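Enquirer: Handing you this structure, nothing more for now.
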Amino acid sequence: MARQQPPPWVHAAVLLCLLCLSGAIEIPMDPSIQNELSQPPTITKQSVKDHIVDPRDNILIECEAKGNPAPSFHWTRNSRYFNIAKDPRVSMRRRSGTLVIDFRSGGRPEEYEGEYQCFARNKYGTALSNRIRLQVSKSPLWPKENLDPVVVQEGAPLTLQCNPPPGLPSPVIFWMSSSMEPITQDKRVSQGHNGDLYFSNVMLQDMQTDYSCNARFHFTHTIQQKNAFTLKVLTNNPYNDSSLRNHPDMYSARGVAERTPSFMYPQGTASSQMVLRGMDLLLECIASGVPTPDIAWYKKGGDLPSDKAKFENFNKALRITNVSEEDSGEYFCLASNKMGSTRHTISVRVKAAPYWLDEPKNLILAPGEDGRLVCRANGNPKPTVQWMINGEPLQSAPPNPNREVAGDTIIFRDTQISSRAVYQCNTSNEHGYLLANAFVSVLDVPPRMLSPRNQLIRVILYNRTRLDCPFFGSPIPTLRWFKNGQGSNLDGGNYHVYENGSLEIKMIRKEDQGIYTCVATNILGKAENQVRLEVKDPTRIFRMPEDQVAKRGTTVQLECRVKHDPSLKLTVSWLKDDEPLYIGNRMKKEDDSLTIYGVAERDQGSYTCVASTELDQDLAKAYLTVLADQATPTNHLAALPKGRPDRPRDLELTDLAERSVRLTWIPGDDNNSPITDFVVQFEEDQFQPGVWHDHSKFPGSVNSAVLQLSPYVNYQFRVIAINEVGSSHPSLPSERYRTSGAPPESNPADVKGEGTRKNNMEITWTPMNATSAFGPNLRYIVKWRRRETRESWNNVTVWGSRYVVGQTPVYVPYEIRVQAENDFGKGPEPDTVIGYSGEDYPRAAPTDVKIRVLNSTAISLQWNRVYPDTVQGQLREYRAYYWRESSLLKNLWVSQKRQQASFPGDRPRGVVSRLFPYSNYKLEMVVVNGRGDGPRSETKEFTTPEGVPSAPRRFRVRQPNLETINLEWDHPEHPNGILIGYTLKYLAFNGTKLGKQIVENFSPNQTKFTMQRADPVSRYRFTLSARTQVGSGEAVTEESPAPPNEAYTNNQADIATQGWFIGLMCAIALLVLILLIVCFIKRSRGGKYPVREKKDVPLGPEDPKEEDGSFDYSDEDNKPLQGSQTSLDGTIKQQESDDSLVDYGEGGEGQFNEDGSFIGQYTVKKDKEETEGNESSEATSPVNAIYSLA
40 MARQQPPPWV HAAVLLCLLC LSGAIEIPMD PSIQNELSQP PTITKQSVKD HIVDPRDNIL
100 IECEAKGNPA PSFHWTRNSR YFNIAKDPRV SMRRRSGTLV IDFRSGGRPE EYEGEYQCFA
160 RNKYGTALSN RIRLQVSKSP LWPKENLDPV VVQEGAPLTL QCNPPPGLPS PVIFWMSSSM
220 EPITQDKRVS QGHNGDLYFS NVMLQDMQTD YSCNARFHFT HTIQQKNAFT LKVLTNNPYN
280 DSSLRNHPDM YSARGVAERT PSFMYPQGTA SSQMVLRGMD LLLECIASGV PTPDIAWYKK
340 GGDLPSDKAK FENFNKALRI TNVSEEDSGE YFCLASNKMG STRHTISVRV KAAPYWLDEP
400 KNLILAPGED GRLVCRANGN PKPTVQWMIN GEPLQSAPPN PNREVAGDTI IFRDTQISSR
460 AVYQCNTSNE HGYLLANAFV SVLDVPPRML SPRNQLIRVI LYNRTRLDCP FFGSPIPTLR
520 WFKNGQGSNL DGGNYHVYEN GSLEIKMIRK EDQGIYTCVA TNILGKAENQ VRLEVKDPTR
580 IFRMPEDQVA KRGTTVQLEC RVKHDPSLKL TVSWLKDDEP LYIGNRMKKE DDSLTIYGVA
640 ERDQGSYTCV ASTELDQDLA KAYLTVLADQ ATPTNHLAAL PKGRPDRPRD LELTDLAERS
700 VRLTWIPGDD NNSPITDFVV QFEEDQFQPG VWHDHSKFPG SVNSAVLQLS PYVNYQFRVI
760 AINEVGSSHP SLPSERYRTS GAPPESNPAD VKGEGTRKNN MEITWTPMNA TSAFGPNLRY
820 IVKWRRRETR ESWNNVTVWG SRYVVGQTPV YVPYEIRVQA ENDFGKGPEP DTVIGYSGED
880 YPRAAPTDVK IRVLNSTAIS LQWNRVYPDT VQGQLREYRA YYWRESSLLK NLWVSQKRQQ
940 ASFPGDRPRG VVSRLFPYSN YKLEMVVVNG RGDGPRSETK EFTTPEGVPS APRRFRVRQP
1000 NLETINLEWD HPEHPNGILI GYTLKYLAFN GTKLGKQIVE NFSPNQTKFT MQRADPVSRY
1060 RFTLSARTQV GSGEAVTEES PAPPNEAYTN NQADIATQGW FIGLMCAIAL LVLILLIVCF
1120 IKRSRGGKYP VREKKDVPLG PEDPKEEDGS FDYSDEDNKP LQGSQTSLDG TIKQQESDDS
1180 LVDYGEGGEG QFNEDGSFIG QYTVKKDKEE TEGNESSEAT SPVNAIYSLA
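My numbering puts the first residue of the sequence shown at 40, with every later residue one more than the last.
Below is the structure:
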């Protein structure tokens, strides 16, 4: 009875179950463990699959393997056991399976050709080598032949066939004359890939030499020469005038008829070619024609892969390196000259020998554990997978209930010691095969400690530390930590135990000191180790050096007192400007200080005290400023003009090292402003010649510095001095210094992968600069593969800063790596960046769109989100397109312009606002990704309710006279409903004084209103709004114009005729007249008055009247007017011109004549500070004049 096949879901469940299997055990690299553990054989070295040997040498077929116990070897030849003992020429190397076939005593190597396979065996299994096909190199002789001269008409095409003898490997073909002169080749005459020599058109000068095909064989290093061809060219112009070779129309000048192009190779208009993945694709098109045709290459439906396509043989050949599936398709070559063109199409099919997706790895398990072997490969056609165990088909092996085969995976459950074996996976198709060995080893090993016992760990207080306890065992032991041999397991809080067994103490305290014990346990036993932890006090500088300013020639002492753990050895050293300080004769270093005798300018700089023990260190820094001699006063220095410093000079490179150089220069004159900084710049002549870059910056006291350099840069340096005025001109450049090359130490930054079309992904990065290249021919190894798959990495070498991956699925994640490489090697392993292939338009629209009206201007939307696989890209937003279809008001025109509302992210709801009330709307929803909009959803209709109207339009206020004000307005632009009327609010105002507000309501058809003024002087403020059933809308406010000038004139005329106004004006005029007279008297007063007895005593500005000789130049009635003027409201105000004596004279001092009159110069303070002349006190007083008139 036939066995029933399980349903497909069973296989799927088995594959999913593999995720639950535990990981294998890793064997430590400790030699003692490697030598003690039993291990099945592993092939470590073998010959290539196609092994071609030199018949003149002994034959060597390599096969080496390791295992414990050491494996034994045997061979098969052509799938049959090869008995080495029976053949005296064949031997096997000691402790190796390598075959040596010796022909020193005779024999033919060809007798040993065939397919060999090596078997390495010990008691735990058998490992197999590849099937090695042994072939002996052949270089057969060229058959002798007599070649007649080749007769050809000038301008006709010609092919000279080589037909070399078949060699192994194929010989290298080249053409020379019989005198061993190489044949000059160009686009007219060239050698094809098959070795033939093609003439697109024959010229008369072609018969000046003969043509011999040569074959060079690789192994024998011999060159065989075919009998030479001689040409006889028939021509209409027998004179071979060399001047015609460069003639612009050479062929017509020689009477050669011009012809359209035709293909010499390949024949016809179409052909096909198959190439294997990873190989080079070579397409060739050779055409005849007069003039000589030009060849151009194209790919149908796309571009040639610029990063790996190159043209050879004068554009007659197209080579695409490292072919992948995306390179399949139709290519065509176009041959053209001025007479026309022709094309040939080549259909390229890319097949693939098997290549690994998941190569099986050795599996080491403990008894009772589960595991799996995976053998996954790809190819075209799809390869088949065959499992073997110890070199025999798995089907013929005894059944094992703990083993299950699921296609390309073998699952092991509850493995036992008897399960040990070596499994072979052979995956093959018509283009090749892959063979991999993977052993399953079951170990039962009690726990073992791998680190030295009783280690001492010393750590500084409050630091973080880790105690290591490497261990091994099978099954994998569990590890626990204890302190001082007691207490519970240490884990949590201040302790953390890692999977590898290390114990981390996050912050060391004094009480953490002690003995820590790690215990590893499995079912076979336990092992333990101890670590003694000592906690030390930190090293601290408690008295730090201080910044000092010293004169040249004096002595300076920098203190540095340190506190440290007495059990640790302390070392105190000093740095100057972050470089080790050389202690010369003028310096003395003690344990707690540094003394500098006879300070000089070169001593200026920063000094760092470094206190260190074997566990930690502390730093303290101070700056020493050295003052020059005080021969020149400071004010004299300040008087000297300052300028930019002169350029540095005499640049010198010394101490040339692989990654550094010392640059020394002589500073220029500082031009009376000290130099504060030196900027060192460099220029390189490879990537950016002539462009200078800043390298480093140094203090102005430094004139020699060690510069850190990058490999493979041809450096040139210059120096710029800087002071407070500015920068100097750059110094003259130094001599060039090229550093030696090295592999790159970094990789390009800003690696991105983004699709520019729906079926590609463009990988871009920021190219590295000259100081990062580290070597010639900087290039980038670009790798990519689909994320979360087991595909192998695709890779390509790129010289630019971008690469386009074609034929990608729509918007899938890729893992991307870009690694720098130069001729010295590769850079570090690059980080993996996630990129995405191109997006396509979304395939689905949101469904079940629901609309809920929130108010007259807003609605709420709700929809069902689309499935992620229909987005075909990154979901940017959901978008609502809506437009106003019509208004519910008849005969109202509306704009139907489409508007949109965006809802970013993957959300199921949103709000659309700023709608017009009382309108009919339509709405559609789409989903948007980076490519654009998806299909539109079903159109939804909704109506907004009535709202408040907009403001009335063109509200105008006119005032034809003083009695009336006319108001006019137009209906609102957006009624937003049915108007039921207008509301007008107005009030009178005069400055800040406001009148009572009055409200008027009008019908919806009224657009005019005339108001009678109650107050002819005040202005009016009007506020107008329209109303619907919902309420009043937006209001508009206007004010009445100011009264015209005529009104004011009439009003003033009326006031001027009133009696009370006339009386008021007369009183004001009289008062102003009195004030003017009093002021004039005060300015011009003279006559006799008492004088101070002590004339030398100055007059006090605040003391005009004193008992002892004070004078008074005003009577009692005038006292209030002194230095002031009385305002109308009775207050005293300071005049603009305060005529006090202090203001008249400077400093309050005056001069007197012998008659006692006052003479003084005074200054009247005015707005423009005008200065008046001197006035004599003897001038006639206006008061006296008035008295005389009386």
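All C-beta atoms in this analysis are idealised placements derived from N, C-alpha and C, irrespective of residue type, glycine included.
On a predicted model such as this, the values are computed, not experimentally measured, just so you know.
In chain order, what residues of the same chain lie with their CB nearer than 6 Å to the CB of histidine 675, ignoring the 5 residues before and after it?
Expert: Caution is warranted here: a pLDDT of 41 is assigned to histidine 675, below 50, making its placement in the model unreliable, and no coordinate value can be reported.
Enquirer: Between Phe510, Thr652, Leu506, which lies nearest to aspartate 530 when the distance is taken from Cα to Cα?
Expert: Of the candidates Phe510, Thr652, Leu506, the one whose C-alpha sits nearest the C-alpha of aspartate 530 is Leu506.
Enquirer: Looking at C-alpha atoms only, which residue of Asp709, Gly1098, Val700, Gly512 is the closest neighbour of proline 680?
Expert: For proline 680, the nearest C-alpha among the options comes from Asp709.
Enquirer: Contact between the segment 976-987 and the segment 1007-1018: three or more CB pairs below 8 Å?
Expert: Yes, the segment 976-987 touches the segment 1007-1018.
Enquirer: Considering just the uninterrupted stretch of the alpha helix (DSSP H) at methionine 318, what are its terminal residues?
Expert: First-last for methionine 318: undefined, no H or E at that position.
Enquirer: Counting only the same chain and skipping the five closest in sequence on each side, list residues whose C-beta sits under 6 Å from that of threonine 693.
Expert: Only Arg701 meet the Cβ criterion.
Enquirer: Helix, strand or coil for valine 1117? Go by DSSP, reduced to three states.
Expert: Note: valine 1117 maps to helix in three-state DSSP.
Enquirer: My output table needs one value for proline 769: the three-state DSSP class, helix, strand or coil.
Expert: Reduced to three states, the DSSP call for proline 769 is coil.
Enquirer: So, at 8 Å on beta carbons, what are the nonlocal neighbours of aspartate 333 in its own chain, with the 5 sequence-adjacent residues on each side left out?
Expert: These residues qualify, in order along the chain: Lys226, Asn354, Ala374, Ser375, Asn376.
Enquirer: Does methionine 800 come out as helix, strand or coil in the three-state DSSP assignment?
Expert: Reduced to three states, the DSSP call for methionine 800 is strand.
Enquirer: Indicate the three-state DSSP secondary structure (helix, strand or coil) for tyrosine 290 in the structure shown.
Expert: Looking at tyrosine 290 - three-state DSSP - the assignment turns out to be helix.
Enquirer: Using 10 angstroms around the beta-carbon of serine 770, count the other beta-carbons present and answer buried if the total reaches 16, otherwise exposed.
Expert: Result: buried.
Enquirer: From the DSSP output, which residues share a beta bridge with arginine 701?
Expert: Answer is Thr693, Val745.
Enquirer: What residue range is occupied by the uninterrupted beta strand (DSSP E) comprising valine 601?
Expert: It spans 600-602 - the beta strand (DSSP E) in which valine 601 sits, taken as one unbroken run.
Enquirer: In chain order, what are the residue ranges of uninterrupted beta strand (DSSP E) at least 3 long that sit wholly in the segment 75-143?
Expert: 78-85, 89-92, 98-100, 102-107, 111-116, 119-121, 129-131, 138-140, all fully within the segment 75-143.
Enquirer: In the DSSP assignment, find the unbroken alpha helix (DSSP H) run with proline 907 in it and report its ends.
Expert: Residues 907-910.
Enquirer: Where do the N-terminal and C-terminal ends of the alpha helix (DSSP H) with alanine 809 fall, by residue?
Expert: That run of the alpha helix (DSSP H) goes 809-812.
Enquirer: Which residues share a DSSP beta bridge with valine 967?
Expert: Answer is Glu916, Asp972, bridged to valine 967.
Enquirer: Whose C-beta lies closer than 8 Å to the C-beta of leucine 180 among residues of the same chain, with five residues either side of it excluded?
Expert: So the list reads Pro204, Gln263, once near-sequence residues are dropped.
Enquirer: So what does glutamine 1051 bridge to, in DSSP terms?
Expert: Thr1003.
Enquirer: I'd like the span of the beta strand (DSSP E) that includes serine 229, first residue to last.
Expert: Element bounds for serine 229: 228-230.
Enquirer: Mapping the DSSP letters down to three states, classify aspartate 409 as helix, strand or coil.
Expert: Correct three-state label for aspartate 409: coil.
Enquirer: Using the three-state DSSP reduction, which class does tyrosine 394 fall into: helix, strand or coil?
Expert: If DSSP states are grouped into helix, strand and coil, tyrosine 394 belongs with the strands.
Enquirer: Identify the continuous beta strand (DSSP E) that holds histidine 215 and give its terminal residues.
Expert: Strictly speaking, residue 215 in this sequence is methionine, with histidine absent from that position. From DSSP, the beta strand (DSSP E) with methionine 215 extends over 211-215.
Enquirer: Using 8 Å as the Cβ pair cut-off and three pairs as the minimum, do the segment 245-261 and the segment 301-310 touch?
Expert: The segment 245-261, when compared against the segment 301-310, does not touch it at the 8 Å Cβ threshold.
Enquirer: Taking C-alpha atoms, which residue in Asp447, Phe451, Leu433 lies nearest to asparagine 1230?
Expert: Residue 1230 lies beyond the stretch modelled for the chain, which goes from 40 to 1229, so this question has no answer here.
Enquirer: Mind checking which residues open and close the beta strand (DSSP E) that includes tryptophan 932?
Expert: Neither: tryptophan 932 is in no beta strand (DSSP E) and is coded neither H nor E.
Enquirer: By Cβ distance below 7 Å, which residues in the same chain neighbour valine 129 in space, the five residues on each side in sequence not counted?
Expert: Hits under 7 Å: Ile123, Leu138, Ile140.
Enquirer: Could you tell me the distance, in whole angstroms, from the CA atom of glycine 379 to the CA atom of proline 300?
Expert: Whole-angstrom Cα-Cα distance: 7 Å.
Enquirer: Note the first and the last residue of the continuous beta strand (DSSP E) segment covering methionine 427.
Expert: From DSSP, the beta strand (DSSP E) with methionine 427 extends over 423-428.
Enquirer: Which residue or residues does DSSP assign as beta-bridge partners of glutamate 543?
Expert: Glutamate 543 pairs with Arg505, His535.
Enquirer: Within 10 angstroms of its Cβ, does leucine 1167 collect 16 or more other Cβ (buried), or is it exposed?
Expert: Confidence in leucine 1167 is poor, its pLDDT being 33 and thus under 50, which makes the residue's placement too unreliable to answer from.
Enquirer: Would you call threonine 594 buried or exposed, if buried means 16 or more other Cβ atoms sit within 10 Å of its Cβ?
Expert: Exposed: under 16 other Cβ atoms inside 10 Å.
Enquirer: Only counting the same chain, and skipping five residues up and downstream in sequence, which positions put a Cβ closer than 7 Å to that of glycine 164?
Expert: Counting only Cβ-Cβ distances below 7 Å, and skipping sequence neighbours, we find Pro79, Pro80, Asn429, Arg459, Ala460, Val461, Phe478.
Enquirer: Per DSSP, what kind of secondary structure is isoleucine 456 in: helix, strand or coil?
Expert: Helix at isoleucine 456.
Enquirer: Just mark valine 190 as buried or exposed, buried being the case when its beta carbon has 16 or more other beta carbons within 10 Å.
Expert: Exposed, by the Cβ-count rule.
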